[in-house]
Each structure stands twice: as structure tokens, then as C-alpha cells.
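Encoded as C-alpha cells, the structure appears first; notes follow it.
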Amino acid sequence: MKPLKEFVIQFVGLKVGKHHFEYEIAQAFFDYFEYQEFNDVNVKVNVTLEKKSTLLELHFKAEGFVNVNCDLTNEPYNQTIESEFDLVVKFGDEYNDEYEDILIVPHGTYEISIQQYIYELIILAVPIKRVHPGVKDGTLGSDILKKLEELSPKLNENKEKEEEEIDPRWNTLKKLLTDK
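Residue numbers (the numbering used here): -12 to 167.
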């Protein structure tokens, strides 16, 4: 996959010290990755690159929202996102990205693409179970919720019916248990 130009940081010309980069992530970014789970995206990602003499330290911070469908009602809602991630870039003989928070790039590399790290940062910030806030506080009125309420088992009512429908012969056996 060809890297997007705006997510490539050329660190060779940068002075030793901290450098800040800001990115506005929209739906087009996820379309590029062919990720279809989000309806809309509005996330700001701040990247702080601290250049040192032998390595680079990157700190990613993402804040914003993604519009997703609720897992219970399929109603779209805005899921807020706040996430942070630290990455250390070291220089070595060959490229190695086996570790989660350490990236080794070959000597002579002059730029780094951070688009994959931003993509994963946002994807992993979304909860596994996505529930509309209206479902949690009971303010969402939905046909699906009404149908779920109708079809949910009624535990207390079923117990009372079962006790009424017990064969009377079993009642005498119950007395044996209590007559000890």
C-alpha cells in the first residue's frame, strides 16, 4: 500500500529536540484503508516527535469522534475517542516492526510513514461492544428496542406459573424433605 504523503515525516532535516505535527482525520482516510465500519470520522491526532542523536520518540494523541452503528439497535451515534500511543524508532541493519512500540529502520532512512500507526490508534480506541448512549440511559425510542423488550424472557412471571402448574403428587414428596 502506497503511503499517503501527508503522513510521511522527513526527520533528516529536523533539529535535535521536539517537533509537533497535527492531523485532521476524516472518513477519506479510512476509505483509503478500505475500512467500512465507520459512517463518519472527525478525529484530531497530535504527534510529538522528539529527535535524539541515536533514536526518535513519537507520542501520538488522538481525540474526537467516530460515527458508528449501535450493536443492539443499529442506530448511528457518535462514539467519542481518546487514545495515546508511544513509539520509539531505532536505527539498525534492517527494517523490523515485530514489536508493538519499537520500530527499527535501516541506517540511512530519512523519513518515516506514520499512517498505519494512526489507523491502528483510532481503530483500537473504539470499544468492542458499541452501545448507543440512549440505550444505556433509556432515552432512545426505537422499534428494535421495543421488540427486544417484548421478546425478552420474563423470569418472575414464569416462576409463578411453574409453581401453579406443579402436579399435586409432588407436594407430598416435598413434605418428606421438610419432615426430618
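Ideal Cβ placement from N, Cα and C applies to all residues, glycine included.
Practice item. Note the first and the last residue of the continuous alpha helix (DSSP H) segment covering ILE110. Key: Locating residue 110 in the sequence shown gives position 123, counting from the first residue. Residues 102 to 112.
Point to revise | Rounded C-alpha distance that separates ASN56 from THR67 | key: Counting from 1 along the sequence shown, the entry for residue 56 is found at position 69. Counting from 1 along the sequence shown, the entry for residue 67 is found at position 80. For ASN56 and THR67, the gap between their C-alpha atoms comes out near 13 Å.
Exercise for review: Report the option in VAL122, THR126, ILE105 whose CA atom is closest to the CA atom of GLU(-7).
Suggested key: Taking the sequence shown and counting its residues from 1, one reaches residue -7 at position 6. Of the candidates VAL122, THR126, ILE105, ILE105 places its Cα closest to the Cα of GLU(-7).
Point to revise | Completely contained alpha helix (DSSP H) runs for the segment 60 to 85, where each covers 4 or more residues | key: Counting only unbroken stretches of 4 or more residues, no alpha helix (DSSP H) element lies wholly within the segment 60 to 85.
**Study point:** Residues sharing a beta bridge with ILE115, DSSP
**Key:** One-based indexing of the sequence shown puts residue 115 at position 128. Bridge partners of ILE115: none, in fact.
Check your understanding: Relative to the C-alpha of ILE89, which residue among VAL76, TYR97, ILE99 is closest?
Key -> Indexing the sequence shown from 1 puts residue 89 at position 102. Residue VAL76 is the option with its Cα nearest to ILE89.
**Study point:** Same chain, Cβ closer than 6 Å to ASP71, five either side skipped, listed in chain order
**Key:** For the purposes of this step, residue 71 is identified with residue 84 of the sequence shown, where counting begins at 1. Sequence check: residue 71 is Glu here, not Asp. The beta carbon of GLU71 sits closer than 6 Å to those of LYS48, all from its chain and outside the five residues before and after it, given in chain order.
Review point. CA-CA distance, GLU136 and ASP130?
Key: Taking the first residue of the sequence shown as position 1, residue 136 is located at position 149. Taking the first residue of the sequence shown as position 1, residue 130 is located at position 143. Computed Cα separation, rounded: 10 Å.
Point to revise | Range covered by the beta strand (DSSP E) that runs through PRO120 | key: As a working mapping, residue 120 is identified with position 133 in the sequence shown. Run containing PRO120: none in the beta strand (DSSP E); it sits in the alpha helix (DSSP H), 120 to 124.
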